[in-house]
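Colleague: Okay, here's the structure, questions in a sec.
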Amino acid sequence: AVLLGIGELYGSPSFLTFVLPMWVMAVGIVVTVSVTANGALAQFDDIAGSAVAFYFCIQSLIVSIVGTLAVTLLNGDTAWPVIVYATT
101 AVLLGIGELY
111 GSPSFLTFVL
121 PMWVMAVGIV
131 VTVSVTANGA
141 LAQFDDIAGS
151 AVAFYFCIQS
161 LIVSIVGTLA
171 VTLLNGDTAW
181 PVIVYATT
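Offset between the sequence shown (1-based) and the numbering used here: plus 100.
Below, the structure is given as structure tokens:
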């Protein structure tokens, strides 16, 4: 969120000021969420793989629906909604 805020304040919209900070946030989210799901389901060895796959499927559906709504309902010419969301 800090990199995205710096890019929004001091740079013009470009790959380096928007997409690159989003990649950094995505890597952090993926590492955190995958470790959390695997740890939570460690006791269920027989169905842990299916449960994690189902969890990530539902998560992807929710994120895509909410993300699409956010893009269509919010003004798309600034990154501030994403910055505020990432810091809360």
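The beta carbon of each residue, even a glycine, is placed where N, CA and C say it ideally should be. The structure displayed is predicted, hence computed values, not measured ones.
So which of 184, 181, 185, 177 has the shortest CA-CA distance to residue 113?
Modeller: If you number the sequence shown from 1, residue 113 lands on position 13. Ranking 184, 181, 185, 177 by Cα distance to residue 113 puts 177 first.
Colleague: Here's the rule I'm using: 16 or more other beta-carbon atoms within 10 Å means buried, otherwise exposed. How should residue 183 be labelled?
Modeller: What you label residue 183 is simply residue 83 of the sequence shown in a count that begins at 1. The residue in question, residue 183, is buried, as its Cβ has 16 or more Cβ neighbours within 10 Å.
Colleague: For residue 179 versus residue 104, is the C-beta spacing smaller than 8 Å?
Modeller: Stepping through the sequence shown from its first residue, residue 179 is reached at position 79. Stepping through the sequence shown from its first residue, residue 104 is reached at position 4. Closer than 8 Å, so yes.
Colleague: One question on the structure: do residue 138 and residue 152 come within less than 8 Å of each other, judged by their Cβ atoms?
Modeller: In the sequence shown, counting from the first residue as 1, residue 138 sits at position 38. In the sequence shown, counting from the first residue as 1, residue 152 sits at position 52. Yes. Within cutoff.
Colleague: In terms of residue numbering, what span does the alpha helix (DSSP H) encompassing residue 121 cover?
Modeller: Locating residue 121 in the sequence shown gives position 21, where the first residue counts as 1. Segment 120-140, the alpha helix (DSSP H) holding residue 121.
Colleague: Given a cut-off of 8 Å, decide if residue 125 and residue 186 are closer than it, judged by their beta-carbon atoms.
Modeller: Translated into the one-based positions of the sequence shown, residue 186 becomes position 86. Translated into the one-based positions of the sequence shown, residue 125 becomes position 25. In this structure, residue 125 lies closer than 8 Å to residue 186 by Cβ.
Colleague: Let me confirm a value: residue 107 is counted as buried when at least 16 other C-beta atoms fall within 10 Å, else exposed. Which label applies?
Modeller: As a position in the sequence shown, residue 107 is number 7, starting the count at 1. Result: buried.
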